[in-house]
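Taking it in order: structure first as structure tokens, then the write-up.
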Amino acid sequence: MADETTDLYINASGSSAVNLEMTNNSSTGPESQLDKLIIYPIVPIMFFSNLGLITNSLNVAVFIKMGLKETTNISMLSLAVSDFLSCLLGLWTYLCYIPEFRNIPNLPFEPTEVSSETGSSPRPYVTRTGALITAFITLERCLCVVLPMKVKRIITIPVTRITMIVIYAITLIPFIAHPLYTTLGWKYYPHLNKTLIGAIPTNDAIAPTFLLMNNFLVGFIFLLFAIIVIFVCTLFLVITLAKSLRWRDSMRKQTQTHGSSGQASSQKFSEPRKENRLIKMVVVIATLFIICHLPGTILIFLVPVVDKYLEENFNDPFLILQVSFIFAFELVNNSVNFFVYYLIGTKFRFTFRQMVGLKDKKSTS
103 MADETTDLYI NASGSSAVNL EMTNNSSTGP ESQLDKLIIY PIVPIMFFSN
153 LGLITNSLNV AVFIKMGLKE TTNISMLSLA VSDFLSCLLG LWTYLCYIPE
203 FRNIPNLPFE PTEVSSETGS SPRPYVTRTG ALITAFITLE RCLCVVLPMK
253 VKRIITIPVT RITMIVIYAI TLIPFIAHPL YTTLGWKYYP HLNKTLIGAI
303 PTNDAIAPTF LLMNNFLVGF IFLLFAIIVI FVCTLFLVIT LAKSLRWRDS
353 MRKQTQTHGS SGQASSQKFS EPRKENRLIK MVVVIATLFI ICHLPGTILI
403 FLVPVVDKYL EENFNDPFLI LQVSFIFAFE LVNNSVNFFV YYLIGTKFRF
453 TFRQMVGLKD KKSTS
């Protein structure tokens, strides 16, 4: 049971230095600690996993419909794909830990071990992809503010496409080496008296080094870099947005005092308003990312303490509750961007309503 609980923690947060041995002690009793782990957060995890599959499918469809002639659309489409995969892997992972699924007769595989290899193990790599893409989006918006006349020459459509490919490559390629540690194959389970597909260690000698390198690179370096960029850029954008709003209020008061033609006034405020709307959308997305990843990030920075605590207190219900809800918080972040786009992005909202057959006034922003 310690191995199953700790394994879910490792793959939910994407970091751990615990060197686990694969065990065959899958608990099937209705009152097992693993079952308790599932009971607490099952509703939010299953809800946000399914919600994320739906909303990110809509995001992909809408951004493709809008066209990929803007760098922002390319970045947000890439983020939607990453979030979709994260929700899919999260759903599969937790499905395999549900007692009713694990106890289905004649399953040809051991659910928790197979889900670890095909769901929870690759998921941290996918979530780091989303983190780096979010960092790129916030950085691009900052450059639009700092270098408004040069940014379109710096961040072009080809540059954005290449950047997205590179981000996916550097975060997902390390997972290719995962079979060096463990792979799937037929193995005998004495307590079940069955031979099932399960996780088989492939090279015990290289496993500790592989785990340490991957956890440090994917679980720590990528996440730390992304969070620093997102936090700094978001803070800058919030300050910029506040200044812009004060400037607009000041200009509006001057216009009311001295008078101005309606068309000239509209043109004067149109572009800043569009830019501010996009900044606001990026700020909300980045803030959601920071809030939802904060619990897991805190644990990652406390890895030595957490690992020791996991080994000594793996049956602590409070620990199980923490681990499970960290998983749920990440899924919240993966599933709610659609609502941000719809509520703030007028062009996104117009395109979506047009796709589903709802009448709306045409938007140009």
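With the sequence shown counted from 1, adding 102 to any position gets you our numbering. The beta carbon of each residue, even a glycine, is placed where N, CA and C say it ideally should be. Being a predicted model, the structure only gives us computed values, none of them experimental.
{"query": "Taking the straight line between their C-alpha atoms, what separation do you get for residue 276 and residue 314?", "result": "12 Å"}
{"query": "Using a threshold of 7 Å, state whether the C-beta atoms of residue 272 and residue 339 are closer than that.", "result": "no"}
{"query": "Which class does residue 128 belong to by DSSP, given the choice of helix, strand or coil?", "result": "Because the pLDDT at residue 128 is just 42, under 50, the model does not fix this residue reliably, and the point stays unresolved."}
{"query": "Using DSSP with H/G/I as helix, E/B as strand and the rest coil, what is residue 224?", "result": "coil"}
{"query": "Between the Cα of residue 158 and those of 285, 185, 167, spot the shortest distance and give me the residue it belongs to.", "result": "185"}
{"query": "Assess, as a yes-or-no matter, whether the stretch 252-265 is touched by the stretch 208-216 under the definition of 3 or more beta carbon pairs within less than 8 Å.", "result": "no"}
{"query": "Compute the Euclidean distance between the alpha carbons of residue 247 and residue 265, then round it to the nearest angstrom.", "result": "20 Å"}
{"query": "DSSP puts residue 324 in a beta bridge; with which residues?", "result": "Note: residue 324 sits in no beta bridge, so no partner."}
{"query": "Using a Cβ distance threshold of 8 Å, determine whether the stretch 179-194 contacts the stretch 144-152, with at least three qualifying pairs required.", "result": "yes"}
{"query": "Here's a check: name, in chain order, each residue in its chain whose Cβ is nearer than 6 Å to the Cβ of residue 453, leaving out the five neighbours to either side.", "result": "164, 167, 168"}
{"query": "Please classify residue 219: is it buried, with 16 or more other beta-carbons within 10 angstroms of its beta-carbon, or exposed?", "result": "buried"}
{"query": "Could you compute how far the alpha carbon of residue 369 sits from the alpha carbon of residue 346?", "result": "Residue confidence is low: residue 369 scores 49 on pLDDT, short of 50, so the model does not pin down where it sits. No coordinate-derived value is stated."}
{"query": "Just to confirm my understanding: we take residue 130, look at its own chain, exclude 5 residues before and 5 after, and list those with CB closer than 7 Å. What are they?", "result": "With a pLDDT of 43 at residue 130, under the threshold of 50, the modelled position of this residue cannot be trusted, and the question is left open."}
{"query": "Going by Cα to Cα distance, which pick from 325, 231, 337 is closest to residue 397?", "result": "325"}
{"query": "Measuring CA to CA, which of 245, 288, 243, 232 is closest to residue 267?", "result": "232"}
{"query": "Below 8 Å on the Cβ atoms is my contact criterion, and I expect residue 427 with residue 143 to pass it. Report the Cβ-Cβ distance as a whole number of Å.", "result": "5 Å"}
{"query": "Can you check whether the C-beta of residue 307 is within less than 7 Å of a C-beta belonging to chain D?", "result": "Among the chains of the structure shown, chain D does not appear; only one protein chain is present."}
{"query": "Which same chain residues end up closer than 7 Å to residue 189 when comparing Cβ atoms and leaving out the 5 residues on each side of it in sequence?", "result": "151, 154, 155, 158, 433, 436, 437"}
{"query": "Please classify residue 441 as buried or exposed, where buried requires at least 16 neighbouring CB atoms within 10 angstroms.", "result": "exposed"}
{"query": "Measuring only the C-alpha atoms, how far is residue 450 from residue 444?", "result": "6 Å"}
{"query": "Hey, which unbroken runs of the beta strand (DSSP E) at 3 residues or more fall wholly within the stretch 239-320?", "result": "284-291, 296-303"}
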